[in-house]
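Q: So that we are looking at the same thing, I have put the structure below in structure tokens.
Protein chains: 2
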Amino acid sequence: MLPVALDAMGGDRAPAEIVSGAHRAVAELGVQVILVGRPADIDDPRDLEVHPASEVIGMGDDPARAVRTRKDSSLVRAAELVRDGRASAMVSAGNTGATVASALLRMGRIKGVSRPAVAAPIPVPGSTPTVLVDAGAMAECQPGWLVQFAQMGSVYAATRYGLESPRVGLLSIGEEASKGTALVKDTHALLSDTPGIRFIGNVEGRDIMSPEVDVVVTDGFTGNVVLKTLEGSLNMLVRSIGGVMLSPEAGQAGTRALELLAPLAEQMDPDATGGAMLLGVDGVCIISHGSSSATAIVNAVAVARDMAEGGLVEALRAAVGAAVGGPRR
Amino acid sequence: MLPVALDAMGGDRAPAEIVSGAHRAVAELGVQVILVGRPADIDDPRDLEVHPASEVIGMGDDPARAVRTRKDSSLVRAAELVRDGRASAMVSAGNTGATVASALLRMGRIKGVSRPAVAAPIPVPGSTPTVLVDAGAMAECQPGWLVQFAQMGSVYAATRYGLESPRVGLLSIGEEASKGTALVKDTHALLSDTPGIRFIGNVEGRDIMSPEVDVVVTDGFTGNVVLKTLEGSLNMLVRSIGGVMLSPEAGQAGTRALELLAPLAEQMDPDATGGAMLLGVDGVCIISHGSSSATAIVNAVAVARDMAEGGLVEALRAAVGAAVGGPRR
Chain A
1 MLPVALDAMG GDRAPAEIVS GAHRAVAELG VQVILVGRPA DIDDPRDLEV
51 HPASEVIGMG DDPARAVRTR KDSSLVRAAE LVRDGRASAM VSAGNTGATV
101 ASALLRMGRI KGVSRPAVAA PIPVPGSTPT VLVDAGAMAE CQPGWLVQFA
151 QMGSVYAATR YGLESPRVGL LSIGEEASKG TALVKDTHAL LSDTPGIRFI
201 GNVEGRDIMS PEVDVVVTDG FTGNVVLKTL EGSLNMLVRS IGGVMLSPEA
251 GQAGTRALEL LAPLAEQMDP DATGGAMLLG VDGVCIISHG SSSATAIVNA
301 VAVARDMAEG GLVEALRAAV GAAVGGPRR
Chain B
330 MLPVALDAMG GDRAPAEIVS GAHRAVAELG VQVILVGRPA DIDDPRDLEV
380 HPASEVIGMG DDPARAVRTR KDSSLVRAAE LVRDGRASAM VSAGNTGATV
430 ASALLRMGRI KGVSRPAVAA PIPVPGSTPT VLVDAGAMAE CQPGWLVQFA
480 QMGSVYAATR YGLESPRVGL LSIGEEASKG TALVKDTHAL LSDTPGIRFI
530 GNVEGRDIMS PEVDVVVTDG FTGNVVLKTL EGSLNMLVRS IGGVMLSPEA
580 GQAGTRALEL LAPLAEQMDP DATGGAMLLG VDGVCIISHG SSSATAIVNA
630 VAVARDMAEG GLVEALRAAV GAAVGGPRR
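Chain order of the listed sequences is A and B. Position 301 of the first sequence, counting from 1, maps to 301 under the working numbering, and the rest follow consecutively. When you read off a place in the second sequence, starting at 1, and then add 329, the result is the number in the working numbering.
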């Protein structure tokens with residue numbers, strides 16, 4: 001397999017944690033990795049190939065402008081490696097909007113795809129994660145785009161989690177088709193008539209972390225708010241529970257309780273999910289969260305490999321191409 | 330103080346838990362309560378006044394239609410008791426949409442208010458709750474309505490939690506004013522120029538359960554999705570943690586851990602919040618969650634009393650009236 005292009009400069013803990021993750025990915029997964037970034041900033045590349053890029057796009061930079069003006073940035077160069085057939089996938093923990101823009105502008109869209117979407121895995125204890133799509137690529141959406149998000153999310157859930165016929169729900173504020181915004185009502189009508197997906201109707205916020213649905217479709221504004229709301233509430237609870245259990249009052253019972261909770265905490269850990277997938281661009285692109293550790297990078301590289309080898313892009317092309325009346329490939 | 334009108338028929342556990350909550354509210358709070366509902370269904374009213382209403386609006390009924398056609402329903406009659414000066418407030422755990430419609434149609438809007446909004450308290454460990462507004466009254470909103478939600482949410486946070494100058498954030502997908510939908514960008518510009526509130530700019534989903542913001546303003550679609558997402562994730566975690574701690578493997582340490590977590594669990598318990606407040610109607614109206622227990626009803630009645638005695642409606646009238654250039658009363 002071609003190597004994975006890893007944006008060494010992206011993320012709150014870049015480049016050290018990213019480079020450390022790259023070394024671990026090579027050792028643990030046997031995957032080749034190309035580090036993309038400023039050679040002077042990459043202290044310890046060892047035997048990894050460094051693809052030089054002189055510029056960096058920061059977490060707070062305006063995505064469209066940054067990608068347009070910083071053509072020699074690590075993000076843009078990583079996307080070019082995929083476009084040019086030198087890498088099988090790209091992974092970045094940097095600016096999400098700029099990652100979307102780089103991938104979109106350099107790799108291009110899959111034929112027939114109106115807009116790309118971010119598919120974020122939401123952990124569900126005792127079950128496969130729920131794929132939330134769009135988790136933030138497109139703040140304002142049209143019904144037809146959401147139908148494609150449903151198709152692409154369905155293909156992704158099948159490829160990633162081995163589900164035969166993923167259940168697709170439309171996020172709304174009531175189960176009835178009459179509930180929600182005009183966007184939701186129009187999308188509901190379209191999804192009910194879309195072949196090739198298993199549409200189970202509207203779902204609500206409380207269903208996202210349940211085993212009752214596999215893919216939850218929404219616009220990128222609502223999806224991003226939901227994703228960050230979940231992150232915030234889980235973080236807050238983990239901190240609160242940790243505080244209680246590590247208090248002197250808790251003593252031995254607290255220590256033991258944290259041991260018992262470790263498997264649950266690990267399943268909820270954002271570092272364990274392998275990152276979010278950008279769907280609809282003509283290449284595999286993984287967006288790891290901003291505070292990614294080396295472990296998060298190892299997991300993201302593993303998913304990148306699986307999706308490149310598993311033919312995700314080809315499957316997306318077939319699903320969307322079939323739906324727009326194009327030839328099956 | 331005038332009695333609180335309690336919809337005895339509303340909620341998944343009505344009428345038994347509601348009536349039980351009414352008795353406890355009288356005993357524990359010294360507040361008078363009028364039970365509104367079908368006398369034949371209220372087994373044990375004891376010395377409480379029962380205001381008869383022959384019809385019931387179910388949880389799944391279409392709100393607008395139900396309120397229009399069932400004029401002798403417990404919800405509509407409860408709202409009329411407030412309108413007619415016979416009750417100081419109404420409380421219902423029934424159909425949220427129908428509660429909003431009943432209050433709106435029978436009590437009317439506060440002069441100058443464009444649309445009512447549901448203000449839901451989101452628990453924050455170690456801090457006062459964050460007021461999320463609108464949590465579901467208006468699925469699609471205009472910027473001017475959101476400005477009023479900010480004003481009303483601010484007054485509510487001050488009256489309810491004693492905050493002198495509540496910090497108001499606008500829910501978006503990035504802190505920058507340029508992020509979000511057209512609705513968010515337009516609202517951001519208006520809020521920046523609105524006197525009488527302390528606007529701290531955009532906030533993200535992860536800030537809702539933090540002590541950094543007191544009032545989070547959003548449209549009713551996003552707000553309702555957020556509220557139910559939080560409910561779902563907290564429920565799921567509580568169940569998962571409970572399962573771990575009560576397993577044979579956990580033994581004594583598990584039992585002790587649950588004891589230690591009890592104060593945190595209680596703070597997160599939806600029954601403890603006192604319910605959501607409908608802001609903008611000309612009377613105090615509390616929407617308790619559908620699965621309300623007797624304890625939830627006691628807490629809701631306590632908040633109803635506090636808000637009626639504390640002059641919430643008068644304060645809302647002054648805030649919105651001042652902003653629209655009307656006379657201060």
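Note that beta-carbon positions come from the ideal geometry of N, C-alpha and C, so glycine has one too.
Please return the same chain residues whose Cβ sits closer than 7 Å to the Cβ of Glu384(B), not counting the five positions on each side in sequence.
A: So the list reads Arg399, Asp401 and Ser402, once near-sequence residues are dropped.
Q: Whole angstroms are fine: how far does the CA of Ser192(A) sit from the CA of Gly144(A)?
A: About 13 Å.
Q: What residues of chain A sit near Glu469(B), judged by a beta carbon separation below 8 Å?
A: Residues of chain A passing the Cβ test: Thr181 and Ala182.
Q: Are Ser622(B) and Val420(B) touching if we call contact CB-CB under 8 Å?
A: No, the Cβ-Cβ distance between Ser622(B) and Val420(B) is not below 8 Å.
Q: Nearest to Ala416(B) by alpha carbon, out of Ile363(B), Arg375(B), Ala422(B) and Arg438(B)?
A: Considering only alpha carbons, the answer is Ile363(B).
Q: Taking all protein chains shown into account, decide if Met330(B) is buried (16 or more other Cβ within 10 angstroms of its Cβ) or exposed.
A: Answer is exposed; the Cβ neighbour count stays below 16.
Q: Can you give me the C-alpha to C-alpha distance between Cys285(A) and Ala27(A), rounded to a whole angstrom?
A: Taking the straight line from one Cα to the other gives about 22 Å.
Q: On the three-state DSSP scale, how would you describe His380(B)?
A: The answer is strand: DSSP assigns His380(B) an E or B state.
Q: Quick check: what's the CA-CA separation for Pro15(A) versus Phe199(A)?
A: Straight-line Cα distance between these residues: approximately 42 Å.
Q: Candidates Arg115(A), Met59(A) and Arg109(A): which alpha carbon is nearest Gly94(A)'s?
A: It is Met59(A) whose Cα lies nearest to the Cα of Gly94(A).
Q: For a test of the three-state rule: what should DSSP assign to Ala345(B), helix, strand or coil?
A: Residue state, collapsed to three classes: helix.
Q: Taking only the alpha-carbon atoms, compute the straight-line gap between Gly359(B) and Thr130(A) and give it to the nearest angstrom.
A: The alpha-carbon atoms of Gly359(B) and Thr130(A) are separated by roughly 48 Å.
Q: Count the CB pairs spanning the segment 507 to 520 of chain B and the segment 561 to 580 of chain B that are closer than 8 Å, and state whether there are at least three.
A: The segment 507 to 520 of chain B vs the segment 561 to 580 of chain B: no contact.
Q: Report yes or no: is there a C-beta of chain B within less than 8 Å of the C-beta of Val226(A)?
A: Cβ-Cβ to chain B under 8 Å: yes for Val226(A).
Q: Please compile the residues from chain A whose C-beta is within a distance smaller than 9 Å of the C-beta of Arg342(B).
A: The premise fails here: Arg342(B) is roughly 18 Å from chain A at the closest Cβ pair, so nothing lies under 9 Å.
Q: Is it buried or exposed for Ser102(A), if we count other Cβ within 10 angstroms and need 16 for buried?
A: When all chains shown are included, Ser102(A) counts as buried.
Q: Please check if any C-beta of chain B sits within less than 8 Å of the C-beta of Ile333(A).
A: A query on residue 333(A) cannot be resolved here, the shown segment of chain A reaching from 1 to 329 and no further.
Q: Quick one: measure Cβ to Cβ for Leu260(A) and Ile110(A), integer angstroms, because I've assumed they're closer than 8 Å.
A: Not really, about 45 Å apart at Cβ, beyond 8 Å.
Q: Which whole runs of the beta strand (DSSP E) in the segment 216 to 292 of chain A are 3 residues long or more, in chain order?
A: Those beta strand (DSSP E) runs which fall completely within the segment 216 to 292 of chain A and span 3+ residues are 276 to 279 and 284 to 287.
Q: Please confirm whether Glu231(A) has its beta-carbon closer than 8 Å to some beta-carbon of chain B.
A: True, the Cβ-Cβ gap to chain B drops below 8 Å.
Q: Between which two residues does the alpha helix (DSSP H) holding Met636(B) run?
A: Here the alpha helix (DSSP H) through Met636(B) covers Ala623 to Glu638.
Q: Check the DSSP bridge columns for Ile451(B) and list the partner residues they point to.
A: Per DSSP, Thr459(B).
Q: For Asp336(B), which residues does DSSP report across the bridge?
A: BP columns for Asp336(B) point to Val365(B).
Q: If you draw a straight line from the alpha carbon of Ala150(A) to that of Val225(A), how long is it in whole angstroms?
A: Each residue's Cα considered, the two are about 19 Å apart.
Q: Nearest to Thr96(A) by alpha carbon, out of Pro211(A), Thr181(A) and Gly220(A)?
A: Out of Pro211(A), Thr181(A) and Gly220(A), Gly220(A) has the C-alpha closest to the C-alpha of Thr96(A).
Q: I'd like the ranges of any alpha helix (DSSP H) spanning at least 4 consecutive residues and lying wholly in the segment 381 to 457 of chain B.
A: Correct list: 392 to 398, 403 to 412 and 425 to 436.
Q: So, is the C-beta of Ile57(A) closer than 8 Å to a C-beta in chain B?
A: Not an interface residue.
Q: Against chain A, which members of the segment 446 to 459 of chain B pass a CB distance test of less than 7 Å?
A: The segment 446 to 459 of chain B vs chain A, Cβ under 7 Å: Pro454.
Q: Quick one: which chain B residues come within Cβ less than 7 Å of Ile208(A)?
A: Neighbours of Ile208(A) on chain B, chain order: Thr558 and Gly561.
Q: Would the beta-carbon of Val76(A) fall within 8 Å of that of Val67(A)?
A: In this structure, Val67(A) lies closer than 8 Å to Val76(A) by Cβ.
Q: Once you ignore the five residues that flank Met467(B) on each side, which residues in its own chain have a CB closer than 8 Å to its CB?
A: Counting only Cβ-Cβ distances below 8 Å, and skipping sequence neighbours, we find Arg444, Pro445, Ala446, Trp474, Asp548 and Gly549.
Q: Quick one, which of Val36(A), Gln267(A) and Pro121(A) has its alpha-carbon nearest Gly223(A)'s?
A: With distances taken between Cα atoms, Gly223(A) lies closest to Pro121(A).
Q: How would you label Glu249(A), buried or exposed, when you count the other beta carbons within 10 angstroms and need 16 or more for buried?
A: Glu249(A) is exposed by the Cβ-count criterion.
Q: Could you check the C-alpha separation between Ser127(A) and Met574(B) for me, to the nearest Å?
A: Computed Cα separation, rounded: 20 Å.
Q: How would you list, in chain order, the residues of chain A whose beta-carbon sits under 9 Å from the beta-carbon of Arg394(B)?
A: None at all; the shortest Cβ gap to chain A is about 11 Å.
Q: In the DSSP assignment, find the unbroken beta strand (DSSP E) run with Gly169(A) in it and report its ends.
A: Element bounds for Gly169(A): Arg167 to Leu171.
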